[in-house]
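Protein chains in written order, with the numbering used here: chain B, 344 to 680; chain D, 104 to 450.
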């Protein structure tokens, strides 16, 4: 077992809560991560319960009665993040149900209500333009929300209907095939959906070398071997109306959210919107990500000095932490009617 | 199930090799050390190089051996003077010490020949990523007018006229030579070229015998917020398989990935190379414009060459002289000395 692997272990997380114990070089590298853990209270260092299989075609009793978390748009931290049902980091997660109606959510980027085209110049109100260079994020722990407030966890599945590896979907703007988030849903009327904008603790603490897609280094979401995964990554290039570079202060050129093994920090996004899942057939809906809303969060005047040291001191990490903290006040994800 | 079967098959092949059984492929093969290696690089995605092979080209000793023969055969160039191995030289980590390679009749290429080390784990190939598999990649240099300039059909005709080749193809693929099996064989050899015993690899496995304080300082710098090398070269695999404009491109130059995608945002982006044995694979960057690792560090320290298309994460680093030296020493820890002269991969 390599030392590289050890840093994704239970031992590391427990140790990170004991800041005084950090002596080796790698522990020093982990300082900011440990601070993140400490700031989260180290509340979830215990191993989550392994997933147990649900009976075919029926709701998983563990989660059917769970209450929707988060506010009108999003919640952050603690119990509102993933792991609601508890699971290990399994490449082949046990499906909650084997029957259901395929619900396809087509993810699109929008800015000021218009398509935000990846890799191409997008005109801005100031006469400048913005070319997105990299845009990717993880989605996991998807729930459908009933009007009663009950949350119904659903499996994230592939186009063939099989659970996605680790129950995680990676949106990658470079890969058109990744733009559809699919779940297998019980028929019924719902008032919205929610998901963790990131990955669960059990996976976040693993070394990428132990994992398969979409959690390998090729995801471009891996962080130095003590820091967990990024949950959202954006980079873009601004060109002013005069042809010169130099983005205005409300337009970040990079946003890196995550990069901490404290998965409790994963924000849970709650998106209102009517969803009527039929008994048969399938349902497709459009889910937009409002880039301008994301920028609002990333440039919000929020003091993040409590964590902005070491790895998290870079402008892109500060922008990501601001976004994470501000997300509950924003409407970054919008379900189209 | 498939992976387990393949691993079992490769295990048997390795055992057969150790016992001197080459499957009756002829005297040449009996003298050839096994190309099926057992030491995988540390920190790479789980699985062996064989696990990375497509289902229709499972990695076997016969296929890798045939691919090696083809790799070093100048018959695959129009004037029979250039082989794959002419530009991918083992002592230079299967890269080319010239900034750009020289093809048939002295024609000069446009980019520095990439190292093929540990390419088994790659997701796409060439600096612009225009090939999605090693099999697809294998035919490109043969047909490229600036490189070997030979139609694949002619390459097949040449090897098909040699009875020993016909026998090798039959042994490896159960059929006469054809364009598909020729590319598959070359891909199999490339897939077998694995370097995994550098001081860095051993360090990742917990052996710091050749990984002293300076290398550790360099590693820390490589992976921290000051140098931020890890964004593109994550610990272990040392490549995120992505495309980035690292500040080498300047206006009017090779646009790289944009040639494939047509996207404005891909101007000047090139594939992130793995760094195993990087200290011996000079010169550097897609155009071979940086002759030494010192020059590479200086360019990153300066924040690139100043073109506005550079990635926003490329910025001046303000490294001290000591930090540069530490970083250099860390990069040198990727050199797998024994592998550079390993006879399994030699002509």
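Every residue gets a Cβ at the ideal spot worked out from N, C-alpha and C, and that includes glycine. All values reported here derive from a predicted model rather than from experimental measurement.
| Asked | Found |
| --- | --- |
| Got a sec? Which residues, its chain only, sit under 6 Å from residue 182 of chain D by beta carbon, not counting five neighbours each side? | 207 |
| Using only the alpha-carbon positions, how far apart do residue 597 of chain B and residue 418 of chain D sit? | 13 Å |
| Output yes if chain B places a C-beta closer than 8 Å to the C-beta of residue 104 of chain D; else output no. | Unreliable positioning characterises residue 104 of chain D in this predicted model, as indicated by a pLDDT of 35, which lies under 50. The coordinate reading is nonetheless provided below. No - not a single Cβ of chain B is within 8 Å of the one on residue 104 of chain D. |
| Thinking just about the alpha-carbon of each residue, which of B/545, B/452, B/579 and B/439 is nearest to the one in residue 629 of chain B? | B/452 |
| DSSP state of residue 601 of chain B, grouped into three classes? | strand |
| Do you know whose CA, among D/341, D/307, D/211 and D/149, lies nearest residue 252 of chain D's CA? | D/211 |
| Pop quiz: residue 339 of chain D and residue 197 of chain D are said to be a contact at Cβ under 8 Å. What is the actual Cβ separation, rounded to whole angstroms? | Not confirmed; about 20 Å, so no contact. |
| Can you find a heavy atom of the ligand SAM that lies under 7 Å from the Cβ of residue 436 of chain D? | Ligands in the displayed structure: none, and consequently the ligand SAM is not present. |
| In the DSSP assignment, find the unbroken beta strand (DSSP E) run with residue 533 of chain B in it and report its ends. | 531-539 |
| Select from D/307, D/295, D/248 and D/357 the residue whose C-alpha is nearest the C-alpha of residue 412 of chain D. | D/357 |
| Can you tell me which of the three DSSP states residue 437 of chain D falls into? | coil |
| Using a Cβ-Cβ cut-off of less than 9 Å, list which residues of the region 542-561 of chain B approach chain D; keep chain order. | 550, 551, 552, 553, 554, 555, 556, 559, 560 and 561 |
| Can you give me the C-alpha to C-alpha distance between residue 547 of chain B and residue 276 of chain D, rounded to a whole angstrom? | 42 Å |
| Could you give the distance in angstroms between the alpha-carbon of residue 650 of chain B and the alpha-carbon of residue 539 of chain B? | 21 Å |
| Can you list, in chain order, the stretches of the alpha helix (DSSP H) that have 4 or more residues and sit fully within the region 246-292 of chain D? | 255-263 and 266-276 |
| Could you check whether residue 625 of chain B and residue 447 of chain B sit closer than 8 Å to each other, using their CB atoms as the reference points? | yes |
| Quick one: give me the first and last residue of the alpha helix (DSSP H) that residue 167 of chain D is part of. | 164-174 |
| Can you say whether residue 503 of chain B is buried or exposed, counting buried as having 16 or more other CB atoms within 10 angstroms of its CB? | exposed |
| For residue 551 of chain B and residue 577 of chain B, what's the separation of their Cα atoms in angstroms? | 20 Å |
| DSSP puts residue 205 of chain D in a beta bridge; with which residues? | D/211 |
| Does residue 505 of chain B come within less than 8 Å of chain D when only Cβ atoms are used? | no |
| State yes or no: is the C-beta of residue 371 of chain D within less than 8 Å of the C-beta of residue 387 of chain D? | no |
| When DSSP builds the beta bridges, which residues end up paired with residue 465 of chain B? | B/473 |
| Is there contact between the region 251-268 of chain D and the region 213-223 of chain D, where contact requires at least three CB pairs shorter than 8 Å? | no |
| Do the CB positions of residue 499 of chain B and residue 506 of chain B come within less than 8 Å of each other? | yes |
| Could you check the C-alpha separation between residue 291 of chain D and residue 666 of chain B for me, to the nearest Å? | 46 Å |
| Could you confirm whether any beta carbon from chain B is found closer than 8 Å to the beta carbon of residue 412 of chain D? | yes |
| Show which residues of chain D have a CB atom less than 8 Å away from the CB atom of residue 664 of chain B. | Residues of chain D passing the Cβ test: none, with the nearest at roughly 13 Å. |
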